[in-house]
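Have a look at the structure below before the remarks.
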Amino acid sequence: MNLPRIPWRAWDGPLTTDLARVPGGFGLGQVPARLKPDATTGIVCGYCATGCGLTAHLVNGEAVNLSPDPRFPVNQGMACPKGWEALAALDAPDRATTPLLRNPATGAMEPVVWSKALHAFVSRMKSVQQNWGPQSIAFLSTGQICTEEMALLGALFKFGMRGLHCDSNTRQCMATAHVAYKQSLGFDAPPYTYADFEESDCLVFVGSNPAVAHPILWQRVLQNRRSPEIIVLDPRRTETAMGATLHVPLAPKSDLVLLYGVASALIRRGAVDRAFIEAHTRGFEAFAAAVSDFTPEQVCAEAKIPLDLFETLVERIATRPRVSYWWTMGVNQGHESTRTAQAIINLALMTGQIGKPGTGANSITGQCNAMGSRLFSNVTNLFGGRDFADPAARLEVESLLGLPAGTVPSENSWAYDRIVDGIESGAIRGLWIIATNSSHSWIQQRRFNELLGRLEFLVVQDLYTTTETAQRADLLLPAAGWGEKEGTFINSERRLGLVKRVRRPPGQALSDFHIFRLIAEAWGCADLFADWQTPEAVFGLLKRLSRGRPCDITGIDGYRAIDALGGIQWPFSQAMRDHVLDPVSDASLATLPETRAAGIRERRLFADGCFPTSDGRAVFHHSPPTPVPEPTDPEYPWILLTGRGTSSQWHTNTRTSKSPVLRQLYPETCYVEIHPDDAARLALHEKGRIRVRSRRAELVADAWVTPAVQPGQVFIPMHYRELNPLTLTVVDPHSRQPSYKFCAVALEALPPA
Amino acid sequence: MDAFVAEQRRLTAVERFSQRQADARAPLLEQRYRALLPATPPGPGEQYAFEVDLDQCSSCKACVVACHSLNGLEPEESWREIRLMVASRPVPQTPRPEAVTLAVTSACHHCVDPGCLKGCPVLAYEKDPLTGIVRHLDDQCIGCSYCIFTCPYEVPKFSESRGIVRKCDLCQGRLQAGEAPACVQACPNEAIRITRVPVAATIDRCRGEASTAGHRDGGCSLPGMPPASITVPSTVYRSRRPMDGLESRPVTGTPCRRDAHWPLIAMLVLTQWGGGILAAVALGTGMSGRIPTGRDAAVAALGCLWVHAGLIASVFHLGQPLKAWRIWMGWKTSWLSREALALGAFSSVSLLFTGWIAGLAWVPAFPAPLRGFQGVASGLLVLLVLTTVAQIQVYVVTGRAGWRSRRTGPRFAGTVLMGWGVGWGLMVGPSWVSILALLLLTGLSMFERWRFFAGGFLADVDSRDQERP
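Structural data, given as structure tokens:
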């Protein structure tokens with residue numbers, strides 16, 4: 015039917031055309047006509063470790079838009095707001111476009127050319143080393159750069175610059191999972207694949223809020239067609255808890271007690287897999303004896319939950335055929351986090367719920383490449399999950415990389431907190447911070463920032479000149495970001511994904527890879543890195559380093575194969591490649607037909623019950639629970655919890671604050687979640703503000719009254735810089751990961767601003 | 012070093028990697044969203060509508076950003092938004108956890124009786140008779156923003172850079188091609204779908220006897236939302252959860268500040284004051300048969316100046332002032348159009364009146380008869396009444412609590428009456444005192460009108476005040 019057209023109405027024109035949509039081709043459906051691509055390419059997202067595949071819409075090779083990749087096995091065409099807006103972070107006006115060097119006379123940061131910046135870097139770092147010893151320089155790196163870049167950095171620093179102490183912000187998120195897996199299973203090997211979300215009958219989330227922190231993993235949970243029990247152990251009624259079938263609102267940091275209680279109850283019920291325990295584990299009897307004292311009554315009193323809720327929890331875990339356990343920062347960031355993570359692993363081991371579809375003790379990773387850092391950054395572990403203390407491993411690495419004997423140090427590096435202590439004691443005098451915002455994110459922030467002032471030389475390598483850390487630098491090196499460089503990430507389920515160059519960085523900014531190579535050159539150790547010319551060449555070295563290790567990736571041809579197959583999970587050894595590839599018909603992995611590619615797309619570990627420990631058995635680790643280091647008292651009667659605020663915010667908000675559309679999806683100013691009863695007790699005004707005071711600092715924030723938190727607890731999202739001055743320096747003794755999840759605070763109601 | 016910088020700027024992804032999807036014609040996501048679209052277009056008596064399953068929504072907000080990206084909108088622009096509904100009281104512990112926070116995603120509701128369309132003075136809205144999609148004609152729009160007032164949900168958004176409003180078109184072209192709208196495509200949990208809804212039943216649900224029926228029956232009445240009776244929104248929200256005790260909160264925590272619309276405030280205040288002054292002169296001279304004096308003429312000129320200053324100010328309110336001539340086109344439904352017509356006529360007659368009175372007062376042997384002058388004066392008064400009624404109606408018909416008739420009527424009429432009082436004072440009283448009073452009171456009225464405007468904006472009104480006016 016033709017609409018009656020009134021001639022004086024403008025049905026078309028420039029403003030209408032502005033919004034026209036046209037078929038985009040490339041399987042995209044309609045796209046804005048202004049942004050119609052002439053090519054597309056896949057790129058893995060650079061925010062979290064979900065590792066979603068995105069499709070970059072290219073015009074002349076440059077990305078003009080993004081959409082989630084429907085063929086990528088992880089996210090199946092979906093993305094969270096951060097992924098959709100990933101390009102916005104690159105367009106920010108506060109990008110660092112040239113090196114900046116602090117003028118000692120004026121104190122101002124002044125633009126310098128790269129050669130001068132490199133000279134300053136090398137001469138001042140070397141001078142620190144000359145005066146205070148080679149180990150007086152350190153670096154703090156990240157889980158946000160490519161594996162090849164991390165590998166080059168770790169090699170450059172330890173082999174070329176002869177430094178020792180270095181760590182990365184993965185200490186703040188995944189160190190616990192790393193240590194827990196390594197001790198219990200023999201290798202840092204999250205055993206699952208994302209299909210396990212869909213194949214489980216009972217998903218137990220411990221200190222994990224995937225609905226907000228990993229929205230695409232939550233999508234996979236909701237795609238589960240087995241009517242699963244979804245059990246959430248969390249003090250807060252999070253978005254995930256609201257979507258659960260059972261929410262256990264345990265008291266903060268009663269998790270270890272509760273998990274031991276569950277183990278004890280399962281043993282008493284006989285709901286354990288004796289055959290699996292006997293064939294594949296070690297130390298169960300001692301564990302069973304240790305947890306036998308954890309009676310339901312005692313556990314419930316400590317966790318502050320009703321007895322029938324505890325019994326329901328045990329009942330569901332005991333009776334559902336496939337049980338999977340998932341944990342995130344609620345576990346990893348605690349004062350006894352390694353044992354807590356291992357309590358989860360113990361539950362899976364004693365019930366034989368590992369290595370089969372829909373099971374596993376599964377750590378959900380935080381940063382996009384924390385997994386790459388854990389395997390190949392040469393920081394806490396020698397390349398490929400080896401030990402620096404192991405002479406054979408050192409020799410092996412030296413020979414694989416063609417390094418002179420004795421190049422690999424035999425000592426372990428200090429962890430993040432010890433490096434910070436080292437600045438205080440004067441042992442560390444030069445610090446290089448790469449792609450992390452420590453001045454915002456590290457615990458007891460005020461102390462940290464005061465200590466930065468004691469350094470003789472602080473170098474910050476970042477995308478932006480405006481981060482809290484960059485503003486304190488003596489030298490700022492301008493880095494290219496995600497999407498402006500090439501390399502691989504490894505996601506939570508051990509999938510290697512590819513990052514490509516689809517944008518030009520501003521000004522003189524260079525990829526971290528190039529910066530490290532320039533520093534190697536300027537330092538005079540470039541000859542050690544003659545084989546480290548390009549990211550893909552380094553990928554070849556990493557393959558070599560992985561041979562025979564549990565993380566063997568020798569079967570991956572190269573970047574094209576990763577790109578074509580929608581990522582490849584480790585392990586993928588040469589033998590596996592030979593098995594899947596038909597030597598006659600298949601030219602390469604990159605052209606593998608879909609029928610056979612599907613067979614290697616989702617793989618889990620330990621189906622045979624063999625673990626990479628010395629005797630092939632998984633180990634039960636446990637310790638008696640200890641009280642929190644800073645319990646509440648009459649002076650500081652509230653518990654401060656921290657965590658992710660919304661799905662539109664990431665860490666210290668340096669990137670997510672660059673997108674105007676994301677900014678509309680979260681509160682701009684710091685806020686405190688507080689229970690209505692507590693708000694009434696404080697006589698808090700409806701639109702009032704709260705002063706939150708800990709023994710270390712105080713902040714003022716907007717009150718967000720909600721029964722999502724329990725009385726006696728408040729929650730502040732980690733994205734606001736006001737928060738971390740309040741947190742205290744407590745680390746887990748095994749993983750040395752800081753505890754962000756519990757400190758005592760006092761509250762005071764303030765009138766509206 | 013230069014080589015590195017040069018290499019860094021070379022984009023090679025296209026050459027180096029295969030183009031797996033180069034030959035894909037159909038959208039790759041089609042399989043996934045097919046079930047979220049109706050199999051056939053709406054039949055007679057039906058229209059398209061969004062249906063939102065609040066229980067499926069995990070509040071990830073991807074829909075908001077996907078709308079922005081897939082429609083190529085401005086950096087801060089999206090046609091979808093999220094509000095939160097938060098429990099204000101403790102929720103009892105139950106084995107199956109009740110919600111304490113719900114995210115409510117909303118876009119244009121493609122109303123059966125769209126307030127934007129009725130309010131638009133230039134016919135820049137079209138409700139498609141087949142699909143029910145309420146479409147905005149961007150090139151027709153003059154950027155008056157009145158549709159933002161007449162839409163109870165404030166769906167149209169003003170674009171500063173373009174000087175027009177833009178809004179959701181339900182991705183009309185995508186639907187025509189069998190594709191899902193951006194938000195439907197992007198929801199990881201399939202919480203948003205497109206349905207066909209019967210129009211009569213929608214009207215009945217929103218305006219009929221049982222119009223209190225809430226979300227459980229599938230409706231568009233959630234806590235904190237304006238009454239569905241105003242525009243009969245087609246969106247259907249579903250949830251199995253109780254909504255009692257939930258209160259609406261903006262997702263950013265604080266309501267966004269609205270522009271003060273100073274040109275509009277100046278227009279209202281100045282035309283009403285000026286109109287009142289002219290009325291005083293008309294009543295004191297023409298209507299009473301008195302021969303006007305020079306002072307009468309000066310006062311009339313002052314009133315005329317006020318009115319036209321207001322009219323000129325109103326042009327600065329428009330994003331597309333060159334298209335302002337279209338403003339009469341919506342007279343059949345739009346009170347803004349009627350206000351403009353009435354004001355236009357009032358402006359012409361006030362000029363005639365002022366010229367006439369000046370002639371009578373200052374030109375010896377002015378040829379125009381007094382009788383005709385009386386006609387002009389009475390016409391002026393009639394038009395002033397019409398203009399004021401239109402000005403009041405412009406705000407009352409928005410259905411907003413802060414602009415209900417008992418708030419708007421006395422304010423606007425009162426301003427005209429005060430103008431009359433001051434005008435009378437100017438004609439008979441001490442002139443400097445009256446002029447000072449006029450300037451002071453005009454300023455005070457501006458401030459009062461600013462408060463009045465703020466009271467009508469959705470975000471600034473307490474949700475409890477949103478009952479039907």
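Residue numbers (our numbering), protein chains in the order written: chain A, 15 to 767; chain B, 12 to 480.
Backbone N, C-alpha and C fix where the C-beta goes; we use that ideal spot for every residue, glycine too.
Source: prediction; values computed, not measured.
Spatial neighbours of B:T398 in its own chain (CB-CB distance under 6 Å, excluding positions within 5 residues in sequence) are listed in chain order as A353, L354, F357. The alpha carbon of A:E243 has as its nearest neighbour, out of A:R334, A:R250, A:T156, A:Q233, the alpha carbon of A:R334.
Considering only beta carbons, the part of the region 241–275 of chain A lying closer than 7 Å to chain B consists of R251, E253, A255, M256, G257, A258, T259, L260, H261, in chain order.
The C-alpha of A:G372 lies about 15 Å from the C-alpha of A:D622. Between A:P205 and A:N346, the alpha-carbon positions lie close to 17 Å from each other. Taking 8 Å as the cut-off between beta carbons, the residues of the region 154–179 of chain B near chain A are R173, I175, R177, in sequence order. Listed along chain A are L679, each with a C-beta nearer than 8 Å to that of B:I93. The C-beta of B:P192 has 16 or more other C-beta atoms within 10 Å across all chains shown, which makes the residue buried.
Here the region 45–60 of chain B does not lie against the region 645–655 of chain A, with fewer than 3 beta-carbon pairs under 8 Å apart. The beta carbon of A:A551 is closer than 8 Å to those of D545 in its chain, skipping five residues each way along the sequence. Between B:L47 and chain A, the shortest Cβ-Cβ separation is not below 7 Å. Contact annotation, A:S129 with A:V142: C-beta distance approximately 21 Å; criterion of less than 8 Å not satisfied. Annotated as proximal: B:D180 and B:R146, with beta-carbon spacing under 7 Å. Collapsing the DSSP output to three states places B:L233 in coil. At least one CB atom of chain A sits nearer than 7 Å to the CB of B:V102.
Residue burial annotation: A:Q144 is exposed, with fewer than 16 other C-beta atoms found within 10 angstroms of its C-beta. Look at A:M732: its C-beta is not under 7 Å from any C-beta on chain B. Look at the region 503–576 of chain A and you find these whole runs of alpha helix (DSSP H), each 4 residues long or longer: 526–537, 549–560. Listed in chain order, the alpha helix (DSSP H) elements of length 4 or more contained wholly in the region 163–195 of chain B are 183–187.
Within chain B, C71, K72, A73, V76, P199 have C-beta atoms less than 9 Å from the C-beta of A:C94, given in sequence order. Looking at the DSSP output, A:F471 bridges to A:G444. Look at A:G75: its C-beta is under 7 Å from a C-beta on chain B. As for any beta strand (DSSP E) of minimum length 3 sitting wholly inside the region 715–741 of chain A, the runs are 727–731, ordered along the chain. Inter-residue distance for A:C66 and A:L260 is about 28 Å (C-alpha atoms, whole angstroms). Exclusion of the five residues before and after A:R677 leaves S671 as the residues of its chain whose Cβ lies within less than 7 Å of its Cβ.
The alpha carbon of A:Q475 has as its nearest neighbour, out of A:F397, A:R658, A:A100, A:I529, the alpha carbon of A:I529. Per DSSP, the continuous alpha helix (DSSP H) segment holding B:S80 begins and ends at 73–81. Listed along the chain, the chain A residues whose CB falls inside 7 Å of the CB of B:H79 are V675. The beta carbons of A:R658 and A:N223 sit about 6 Å from each other, so the pair counts as a contact at 8 Å.
Contact between A:G399 and A:C565 holds, since their C-beta atoms are separated by about 6 Å, short of 8 Å.
A:L42: not part of any beta strand (DSSP E); DSSP gives it neither H nor E. The C-alpha of A:V58 is placed about 12 Å away from the C-alpha of A:L579. Between A:S661 and A:C94, the C-beta spacing is below 7 Å. Non-local beta-carbon contacts of B:P132 in its own chain, meaning distances under 6 Å to residues more than five positions away in sequence, involve I338, G341, S345, L347, S348 in chain order. Beta-bridge annotation (DSSP): A:G56 is paired with A:T69. Listed along chain B, no residue sits closer than 7 Å to A:Y478 by beta-carbon distance, the nearest being about 17 Å off.
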